[in-house]
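Undergrad: Residue numbers (the numbering used here): 83 to 243. Each residue gets a CB set at the ideal place from its N, CA and C atoms; glycine is no exception. Please read these numbers as outputs of a predicted model, since none were measured by experiment.
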């Protein structure tokens with residue numbers, strides 16, 4: 083039992099140390115930005131963090147297998163502390179994973195909003211250009227015909243919008 087217990091403790095300590103490095107790293111990530119360059123950098127950081135979590139998941143699974151093995155081997159002993167420690171490690175890992183996935187969703191949403199804003203701005207600028215062209219045409223006719231024509235053209239133009 084001593085060897086199994088030492089192996090369990092060594093693996094638990096390794097996972098604890100890794101979690102203690104990863105949790106502050108996630109907490110230090112800045113709020114979601116609002117410019118394309120900031121969002122791209124944040125998305126790259128998020129993907130790197132998520133990839134590291136994904137790679138380390140195998141260690142969590144091995145730890146869970148070790149825990150199950152110890153519980154099965156030592157059914158007569160009190161294994162509640164082992165179960166509790168394993169649950170805490172699993173919960174911390176799951177919290178990290180959920181948080182980074184949610185951050186990724188937030189980043190993708192911000193990027194989509196930025197693209198939608200760009201498209202809307204392009205449409206607005208195209209409309210504004212059309213209106214300016216129409217007003218320039220009205221101004222040209224005013225120069226030729228005089229003021230009454232300007233009022234008529236402007237009122238017609240405004241009814242179109």
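In whole angstroms, what is the alpha-carbon distance linking residue 212 and residue 102?
TA: One C-alpha to the other measures close to 59 Å.
Undergrad: Are any of the Cβ atoms in chain B nearer than 8 Å to that of residue 217?
TA: Going by chain labels, chain B is absent from the structure shown, which holds only one protein chain.
Undergrad: Out of 165, 217, 172, 186, state which residue places its alpha-carbon closest to the alpha-carbon of residue 140.
TA: When only C-alpha atoms are compared, the closest one is 172.
Undergrad: Verify whether the separation of the beta carbon atoms of residue 145 and residue 93 is less than 8 Å.
TA: For residue 145 and residue 93, yes; Cβs fall inside 8 Å.
Undergrad: Taking only the alpha-carbon atoms, compute the straight-line gap between residue 119 and residue 125 and give it to the nearest angstrom.
TA: Residue 119 and residue 125: Cα-Cα distance of roughly 10 Å.
Undergrad: With DSSP collapsed to three states, give me the class of residue 112.
TA: Three-state DSSP puts residue 112 in coil, outside helix and strand.
Undergrad: Out of 188, 136, 109, point me to the one whose CA is closest to residue 121's CA.
TA: Taking only the C-alpha atoms, the option nearest residue 121 is 188.
Undergrad: If you measure between the beta carbons of residue 168 and residue 180, is that distance less than 8 Å?
TA: No, the pair does not count as a contact, with Cβ atoms beyond the cut-off.
Undergrad: Measuring CA to CA, which of 217, 199, 203 is closest to residue 116?
TA: Measuring from the Cα of residue 116, the nearest candidate turns out to be 199.
Undergrad: Are the beta-carbon atoms belonging to residue 142 and residue 97 less than 8 Å from one another?
TA: Yes, these two residues count as a Cβ contact at 8 Å.
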